[in-house]
Amino acid sequence: MNWQLLPQFAITGLLNGGPIALIALGIVLIFKSSEIFNFAQGQMLLIGTMATWWFASPEGMGLPLPLAILAALGVSILLGLAIERFTLRPMTGQPLLSIILMTLALSQFLQGLTILIFGTVQRNFPVIFEVTNPYKITLPFQYNGNPIIVILKQNLVWSFIIAMVCVLVLWVFFQYTNTGLAMRATAEDHETAQSVGIRINRVFGISWAIAGIIANIGGILIATASGLDLSLPVVVLAAFPAVLLGGLESIPGAVVGGLVIGLAQGLVGLPNNDFFLGPEMAQAVRNSAEIVPYIILLVVLLFRPDGLFGQKRIERI
Amino acid sequence: MLKVNNIEVVYSDVILVLRGISLEVGDGQIVALLGANGAGKTTTLKAISGLLKREDGAITRGSIEFDGVRLDKLPPEEITRLGVSQVLEGRRLFQHLTTEENLRTGALVNGNRAETRRLLEQVYHYFPALKNLRHRTAGYLSGGEQQMVAIGRALMANPRLILMDEPSLGLAPLLVQNIFDIIRRINQESGVSILLVEQNANVALKTAEYAYVMETGRIVLDGPATELAQNADIKEFYLGLTQLGERKSYRDVKHYKRRKRWLG
Ligand SMILES: Nc1ncnc2c1ncn2[C@@H]1O[C@H](COP(=O)(O)OP(=O)(O)O)[C@@H](O)[C@H]1O
Ligand SMILES: [Mg+2]
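Sequences listed follow chains A and D, in order.
Take the first sequence: its letters are residues 1 to 317, numbered as in the numbering used here.
Take the second sequence: its letters are residues 1 to 264, numbered as in the numbering used here.
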């Protein structure tokens, strides 16, 4: 095992976990407010990011990037509101499973819609962060007498920071605004929320609009690193286990879940030829980044069925 | 102010639970609605508050008016916004929110910061114990404290009428006394009307001005609370003063013993 490279892979992985955490948060938000597991989050991500590209690209509107992002956020908000209003609200009172299957159907529909509107071509997503000058950080300790230097791409660092700022902003919003309070109350008990006069349909609408914003920002962060094509929604395959790991309803849980998944995916990439049963096995481990979240999930749920931060139900009358 | 006119309520299209209930609550009044378990008291309150619709219940006949506005077609959140707050059966706090956050959810209907502060102070004035508990998670409060939060939360909407469903449920007698004293004070000081559902007729009749008695979906008796409290049959059945020690239905009493003195 090349311990010299451990910090490099660990930190890269952790930073990669930032956008995963943000995307996971979008799923948690919907689940908390309405107990719906949103399988369409990946496609909301795709549409928002495609819209950003279209507004910014000379092939589309050619707007300056900040304007393009704002315009795309508008599209994502409308998309979120429309999903809630026209596909989910009519299903109020139906079995939860039907509603969840509806989001699965929706994911397929939106994927198809994207192909119809934008085609299947790989797009050049605008470069947001400087590519050429990675940050070099010398860690304050040594290995075998050599200093340990970590090299981090700018976009990796800034994506992480932006994702965490978004998380923080959302947390402040939930904690300190009236709308946030209405959302937390609704998340706990729909009937009681209505009885105190909260318009819960509006709360659901707002939840979906925020989920749209989160998806859009998450999608931009991913696309600016790895390009934009129809496979973008695949990132939710890392966000789903992050959500479950964190306990489905917990905002800190989603964040920690996302970071843990990122870290784990980073660590398995570590060169490890002398550590495993031969080079082929070592190669297999390095290629396992996609399934590693699920292995972790399996192990954690075995010991903590409610996830790491699953809310304790208060049983007391 | 509140007029319930001969309503009939059916659950799941087939289960007839209320068979023609009429009652009235006047401005500034406390009115009690008494009855044994399963009589239909909660259903009556849910018909008024609109929460019936959540449970596949429907008002199939009659009407409900609040200051001339028909409530029976409105969704629950709009009914609350018209000035009708509720203290639901079993308190129903938002368990993971703090005491003060629970109270503030009650004021979301007006949303004005200064007004919310004023209402919070008013609630702490009625329930001084809550002030020290304001940052506690509501789910861990004692039953009595939770009941205070539930009543306080209803007050935070600055309502004109509060519907209370069995505030005495599961509380120690001393605490019940305490809470009902405060209910009376709230009514006297702020003039809010209260429709009080209770199985505990004893304390309810001491608090209310007027009372209705329900049995299997019907009002079987009504009158000023002081008169009902003197009524021998009420004493026997609801106030637990029977010598036979055996629990009887109000109807049995009515049939086998002296007939209606109260109905005239
Ligand atoms: N959601 C429901 N569906 C069917 N029947 C119900 C429902 N809720 C209550 N009931 C029935 O209606 C009757 C009255 O109930 P309720 O109003 O809760 O009485 P109370 O509050 O006086 O104890 C009971 O027989 C109860 O079983
Ligand atoms: Mg009841």
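Backbone N, C-alpha and C define an ideal beta-carbon position, used for all residues, glycine too.
Only a predicted model underlies this, so the values are computations on that prediction, with no experimental measurement involved.
#### Entry: Cut-off 6 Å between Cβ atoms - residues of its own chain near residue 4 of chain A, not counting five sequence neighbours on either side
Numbered from 1 along the first sequence, position 4 holds the residue referred to as residue 4 of chain A. The answer, listed in chain order, is 143.
#### Entry: residue 9 of chain D and residue 18 of chain D closer than 8 Å at C-beta
Working through the second sequence from its first residue, we reach residue 9 of chain D at position 9. Working through the second sequence from its first residue, we reach residue 18 of chain D at position 18. The beta carbons of residue 9 of chain D and residue 18 of chain D sit closer together than 8 Å.
### Query
Within the present structure, is the beta-carbon of residue 336 of chain D separated from the nearest heavy atom of ligand 2 by less than 7 Å?
The displayed coordinates of chain D run from 1 to 264. Any statement about residue 336 of chain D would go beyond what the structure contains.
### Task
Compare the C-alpha of residue 179 of chain A against each of A:167, A:188 and A:198 and name the closest.
Against the first sequence, residue 179 of chain A aligns to sequence position 179. Of the candidates A:167, A:188 and A:198, the residue whose Cα lies closest to the Cα of residue 179 of chain A is A:198.
### Task
With hydrogens ignored, establish whether the beta-carbon of residue 49 of chain A is closer than 7 Å to any heavy atom of ligand 2.
For the purposes of this step, residue 49 of chain A is taken as residue 49 along the first sequence, with counting starting at 1. Outside the cutoff, so no.
### Message
Is any non-hydrogen atom of ligand 1 found closer than 7 Å to the C-beta of residue 35 of chain D, if you look at the structure I gave you?
### Response
For the purposes of this step, residue 35 of chain D is taken as the residue at position 35 of the second sequence. At least one heavy atom of ligand 1 is found less than 7 Å from the C-beta of residue 35 of chain D.
### Proximal residues, the region 100-120 of chain D versus chain A, C-beta separation under 7 Å
Those residues of the region 100-120 of chain D that come within reach of chain A (Cβ to Cβ, closer than 7 Å) are 101, 104, 105, 106, 108, 109 and 111.
### Message
Against residue 192 of chain A, what residues of chain D qualify as contacts under a CB-to-CB distance less than 7 Å, listed in chain order?
### Response
Position 192 of the first sequence, counting from 1, holds the residue named residue 192 of chain A. Near residue 192 of chain A (Cβ distances below 7 Å), the residues of chain D are 88, 92 and 94.
### Message
Let me check one thing: in DSSP terms, what residues is residue 164 of chain D bridge-paired to?
### Response
To locate residue 164 of chain D, count along the second sequence from 1; it is residue 164. Beta-bridge pairing links residue 164 of chain D to D:87 and D:196.
### Query
Nearest CA to the CA of residue 28 of chain D: which residue from D:5, D:216, D:230 and D:195?
Residue mapping note: residue 28 of chain D aligns to position 28 of the second sequence, counting from 1. The option with the nearest alpha carbon to residue 28 of chain D is D:195.
### Task
Leaving aside the five residues before and after residue 245 of chain D along the sequence, list all residues of the same chain whose C-beta is less than 8 Å from its C-beta, in chain order.
Within the second sequence, the letter at position 245 stands for residue 245 of chain D. Caution applies to residue 245 of chain D, whose pLDDT of 43 falls short of 50 and renders its modelled position unreliable; the model cannot decide the point.
### Query
Counting along the chain, where does the beta strand (DSSP E) carrying residue 172 of chain A start and finish?
Taking the first sequence and counting its residues from 1, one reaches residue 172 of chain A at position 172. In this chain, residue 172 of chain A is not harboured by any beta strand (DSSP E); it is covered by the alpha helix (DSSP H) spanning 154-176.
### Query
What does residue 198 of chain A touch in chain D if you count any residue whose Cβ is under 9 Å from its own?
For the purposes of this step, residue 198 of chain A is taken as the residue at position 198 of the first sequence. By Cβ distance, chain D contributes 77, 80, 105, 108 and 109.
### Query
Cβ of residue 188 of chain A versus every heavy atom of ligand 2: is any distance shorter than 7 Å?
Your numbering for residue 188 of chain A matches position 188 in the first sequence. Distances taken from the Cβ of residue 188 of chain A to the heavy atoms of ligand 2 include none shorter than 7 Å.
### Query
In the structure shown, what three-state DSSP assignment does residue 73 of chain D receive?
Stepping through the second sequence from its first residue, residue 73 of chain D is reached at position 73. It is coil, neither helix nor strand.
### Task
Give me the Cβ distance between residue 197 of chain D and residue 165 of chain D, rounded to the nearest whole Å; I'm assuming they're in contact under 8 Å.
Locating residue 197 of chain D in the second sequence gives position 197, counting from the first residue. Locating residue 165 of chain D in the second sequence gives position 165, counting from the first residue. Going by Cβ atoms, the distance from residue 197 of chain D to residue 165 of chain D rounds to 5 Å, so yes, they are a contact pair.
### Query
By Cβ distance below 6 Å, which residues in the same chain neighbour residue 42 of chain A in space, the five residues on each side in sequence not counted?
Start at 1 with the first residue of the first sequence, and residue 42 of chain A comes out as number 42. Same-chain partners within the cutoff: 233 and 236.
### Query
Is the beta carbon of residue 55 of chain D within less than 7 Å of some heavy atom of ligand 1?
Counting from one through the second sequence, the residue named residue 55 of chain D turns up at place 55. The nearest non-hydrogen atom of ligand 1 is less than 7 Å from the C-beta of residue 55 of chain D.
### Task
Buried or exposed for residue 14 of chain D, please, with buried defined as at least 16 other CB atoms from any protein chain shown within 10 angstroms of its CB.
Your numbering for residue 14 of chain D matches position 14 in the second sequence. Label assigned to residue 14 of chain D: exposed.
### Query
If you measure beta-carbon to beta-carbon, which residues of the region 158-190 of chain A are closer than 7 Å to chain D?
Result list: 178, 181, 182, 184, 185, 188 and 189.
### Neighbour flag for residue 49 of chain D against chain C, beta carbons, 8 Å
In the structure shown, chain C does not exist; the protein chains are A and D.
#### Entry: Whole-angstrom C-beta distance between residue 147 of chain D and residue 167 of chain D, which should lie under 8 Å
Numbered from 1 along the second sequence, position 167 holds the residue referred to as residue 167 of chain D. Numbered from 1 along the second sequence, position 147 holds the residue referred to as residue 147 of chain D. Their Cβ separation, rounded to whole angstroms, is 6 Å, which keeps residue 167 of chain D and residue 147 of chain D in contact under 8 Å.
#### Entry: residue 354 of chain A classed as buried or exposed, judged by whether at least 16 other C-beta atoms fall within 10 angstroms
What the structure shows of chain A is the stretch from 1 to 317, and residue 354 of chain A is not part of that stretch, so it cannot be assessed.
### Message
Quick check: the Cα distance between residue 215 of chain D and residue 39 of chain A, rounded to an integer number of angstroms?
### Response
Here the question's residue 215 of chain D lines up with position 215 in the second sequence. Here the question's residue 39 of chain A lines up with position 39 in the first sequence. Their Cα atoms are separated by approximately 49 Å.
### Query
Applying the criterion that 16 or more other CB atoms from any shown protein chain within 10 Å of the CB defines a buried residue, is residue 145 of chain D buried or exposed?
If you number the second sequence from 1, residue 145 of chain D lands on position 145. Buried.
### Task
Hey, could you find the ends of the alpha helix (DSSP H) residue 16 of chain A is sitting in?
Mapped onto the first sequence, residue 16 of chain A falls at position 16. 6-34 is the extent of the alpha helix (DSSP H) around residue 16 of chain A.
### Any chain D beta carbon closer than 8 Å to residue 195 of chain A
Residue 195 of chain A sits at position 195 when you count from the first residue of the first sequence. Yes - at least one Cβ of chain D is within 8 Å of the one on residue 195 of chain A.
### Message
At a cut-off of 7 Å, would you count residue 15 of chain D as near ligand 1, judging by its Cβ distance to the nearest heavy atom?
### Response
Counted from its first residue, the second sequence places residue 15 of chain D at position 15. Inclusion of residue 15 of chain D in the 7 Å shell around ligand 1 follows from its C-beta lying nearer than that to a non-hydrogen atom of the ligand.
### Message
For chain A, check one thing: does any of its Cβ atoms lie closer than 8 Å to the Cβ of residue 157 of chain D?
### Response
Taking the first residue of the second sequence as position 1, residue 157 of chain D is located at position 157. Output row for residue 157 of chain D: interface = yes.
#### Entry: Helix, strand or coil at residue 222 of chain D according to DSSP, with G and I counted as helix
For the purposes of this step, residue 222 of chain D is taken as residue 222 along the second sequence, with counting starting at 1. Here DSSP, grouped into helix, strand and coil, assigns residue 222 of chain D to strand.
### Query
Buried or exposed: where does residue 243 of chain D fall if 16 or more other Cβ atoms within 10 Å of its Cβ makes it buried?
Working through the second sequence from its first residue, we reach residue 243 of chain D at position 243. Unreliable placement is indicated for residue 243 of chain D, whose pLDDT of 44 sits below 50; the coordinate value is still reported in the next sentence. The residue in question, residue 243 of chain D, is exposed, as its Cβ has fewer than 16 Cβ neighbours within 10 Å.
### Query
Since residue 153 of chain D meets chain A, which of its residues come closer than 7 Å, beta carbon to beta carbon?
Translated into positions along the second sequence, residue 153 of chain D becomes position 153. Scanning chain A for C-beta atoms nearer than 7 Å to the C-beta of residue 153 of chain D yields 196, reported in chain order.
### Query
Any chance the CB of residue 73 of chain D is under 7 Å from a heavy atom of ligand 1?
Start at 1 with the first residue of the second sequence, and residue 73 of chain D comes out as number 73. For ligand 1, not one heavy atom lies less than 7 Å from the Cβ of residue 73 of chain D.
### Task
Might you give, ordered along the chain, the residues of its own chain that have their beta carbon closer than 6 Å to the beta carbon of residue 138 of chain A, omitting 5 neighbours on each side?
Taking the first sequence and counting its residues from 1, the one referred to as residue 138 of chain A is at position 138. Around residue 138 of chain A: 147 and 149.
### Query
How would you label residue 226 of chain D, buried or exposed, when you count the other beta carbons within 10 angstroms and need 16 or more for buried?
Numbered from its first residue, the second sequence carries residue 226 of chain D at position 226. That one is exposed.
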